[in-house]
Each structure stands twice: as C-alpha cells, then as structure tokens.
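Take 4 as the starting number for the sequence shown in this note's numbering and just add one per residue. Glycine included, C-beta positions come from ideal geometry on N, C-alpha and C.
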Amino acid sequence: LGKLLGLASKSDPGVLIVGASPWSIQLAKRLKEMKIPVLVTDQDYRRLREARQGGIDTYYGEILSEITEHHVELVRYGYLLAVSGNEAYNALVCTDLAPEMNRAQTYQLSSGTIHETRTSVSVNLQGRRFLSGQTSLEDLLRRHWAGWTFQTTKLSETYTPEAYLETFPEKGMLVMVERKGALIFENNEQPIKLQIGDRVLSYLLPQDEKKQKTLKNEEGSASPDVEAITAKKKEAIQKVSLP
C-alpha cells in the first residue's frame with residue numbers, strides 16, 4: 004500500500020549496516036557487487052574512509068539521532084545489521100529501529116557468549132543474533148586479517164543444496180541467502196535451510212574457496228572428482244587453525 008501511495012521505495016529493500024569495520028566494509032562491498040543496496044553508518048568519520056573510497060554509500064553520524072531522519076531514507080532499507088563492537092549499542096539500535104524495520108529483519112552481533120552475564124543485554128531487548136550467536140566482531144576481524152573472503156554461489160538443479168553442503172568447509176560460515184528477491188541472514192533463531200534457486204553468500208578461507216570452485220564445472224554442476232577432492236579437503240581442513 005505504501006508503494007502504491009508513493010510513501011515507500013519501489014526498489015528492492017537494501018541493507019543498513021551500523022558499525023564500520025574492515026569486516027563490515029568487506030561485506031558491504033560484496034553486497035554491492037550482488038546489486039543489493041547497502042548503506043554503512045558510523046559515528047567515526049575515519050572508520051568510514053575505506054567504504055567511501057570503495058564507492059559504498061555511507062552516513063556519518065548517530066543513526067539513532069532525530070537529525071538522521073532528515074538525512075537517511077530508512078524506508079529504502081529492509082534489513083538491519085548492527086555490527087559494532089559494542090553489544091549494548093547494537094541492542095539499542097535494534098530495539099529503536101525494530102518498529103520501522105520489523106524485528107525479524109534486524110540482526111546484531113553479540114559479544115560471543117551464549118549465557119547472559121551481569122554485563123550483557125537481555126535477549127528480549129536484542130535483535131536476532133547474527134551468524135551463530137557466538138560470533139563476535141573480534142572473531143570476524145581475526146578471520147578478516149587471516150585472509151578470509153566472501154564467496155557467492157548459485158544453487159540449481161545441477162548444483163543442489165546437498166552437493167553444496169557436502170563440500171562446504173568445516174570452518175566456513177554461511178552468511179546470507181538471497182531467495183526470490185528476499186534476504187535471509189544466518190542467525191541463531193532460525194538457521195538457513197538452503198533451497199534450489201538460492202544465491203548463497205558464504206565466508207571462507209582462500210584455500211577453501213578455491214577448492215569449492217574446483218568442485219563445479221562450467222555449467223555449475225558438481226565435478227566427477229568430488230569424492231577425491233572432498234577427501235583431500237577434509238584432510239587439509241584438519242590442519243587449518245585460526246590465528
């Protein structure tokens with residue numbers, strides 16, 4: 004109804020990323036490559052420099068400020084990722100913007116702990132826990148500096164979800180799925196169940212990314228050498244450890 008009345012954006016809903024870091028900017032760049040609208044916001048102008056240089060839309064300022072409403076068209080963004088290093092701030096952002104963006108589409112990074120402590124924020128005040136719920140910004144930055152990269156994979160009748168998961172690295176991370184124009188981010192409440200037609204965004208070590216690509220032929224189907232390569236992959240993964 005909002006679109007018919009000219010009160011809502013007619014373009015595909017984008018992703019609002021609150022909290023600029025080398026990892027979140029890397030994610031924003033890949034989303035832009037996937038033709039998904041993305042905006043990175045932060046209160047620190049310097050942390051946004053890499054995003055600006057990479058051609059990513061940015062907003063310098065407090066996303067919760069009333070002034071922001073005059074500068075940022077929140078209606079353009081249907082998904083919120085609060086990924087700063089401050090769990091309490093991430094929760095505050097999700098709580099404040101949930102009425103506009105729908106809590107089911109607001110996600111936040113946690114401190115990496117499962118159980119609540121006296122310094123943690125009540126689960127009832129948080130958005131959905133992004134990724135496993137145990138992954139903190141510190142964890143993601145360690146992977147970033149270790150050379151992890153984002154990979155996009157299209158699932159089809161010839162390269163099925165089962166074939167994809169069979170060869171998926173043990174330490175790899177599913178991040179998001181694009182399905183019929185909608186985005187589904189990995190979270191602890193409802194893990195992603197892959198379907199044919201999904202475009203999958205994952206986060207992998209460079210050597211794991213290369214191995215996955217060798218398991219597909221030019222048509223995108225599984226290679227006949229899957230079993231042999233998979234055995235070698237599993238052996239290599241056992242030797243890999245995060246710094």
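- Exposed is the label assigned to Ile199, since fewer than 16 other Cβ atoms lie within 10 Å of its Cβ.
- Apart from the 5 residues on each side of it in sequence, Thr61 sits with its Cβ closer than 8 Å to the Cβ of Ala23, Leu42, Val43, Thr44, Asp45, Leu51, Ala54, Arg55 in its chain, given in chain order.
- DSSP links Leu207 through a beta bridge to Thr152.
- Just measuring C-alpha positions, the residue of Ser87, Leu158, Gln137, Trp26 sitting nearest Val180 is Leu158.
- With fewer than 16 neighbouring CB atoms inside 10 Å of its own CB, His73 falls in the exposed class.
- Looking at the backbone, the Cα of Ile39 and that of Gly81 are separated by about 11 Å.
- Classified as exposed, Pro209 has fewer than 16 neighbouring CB atoms from the shown chains inside 10 Å of its CB.
- In this structure Ser135 is not in contact with Ser114, their Cβ atoms being roughly 13 Å apart against a cut-off of 8 Å.
- Excluding its 5 nearest sequence neighbours in each direction, Thr156 has C-beta neighbours in its own chain below 6 Å: Val203, listed in chain order.
- Taken atom to atom, the span from the alpha-carbon of Asp47 to that of Arg145 is near 21 Å.
- Counting only runs that start and end inside the segment 149–198, the beta strand (DSSP E) elements of at least 3 residues fall at 152–157, 176–182, 185–188.
- Measuring C-alpha to C-alpha distances from Gly130 to each of Glu141, Lys183, Asp15, Ala91 identifies Ala91 as the nearest.
- Cβ neighbours of Glu192 within its own chain (closer than 6 Å, five residues either side excluded): Arg131.
- For Thr44, the enclosing beta strand (DSSP E) begins and ends at 41–45.
- Among the bridge pairs identified by DSSP, Asp60 is matched with Leu42.
- Rounded to the nearest whole angstrom, the CA to CA distance from Ile195 to Phe188 is 7 Å.
- If you keep only unbroken alpha helix (DSSP H) runs of at least 4 residues inside the segment 65–117, you get 90–104.
- Just measuring C-alpha positions, the residue of Ala107, Thr71, Leu95 sitting nearest Leu186 is Ala107.
- Excluding its 5 nearest sequence neighbours in each direction, Glu103 has C-beta neighbours in its own chain below 7 Å: Leu77, listed in chain order.
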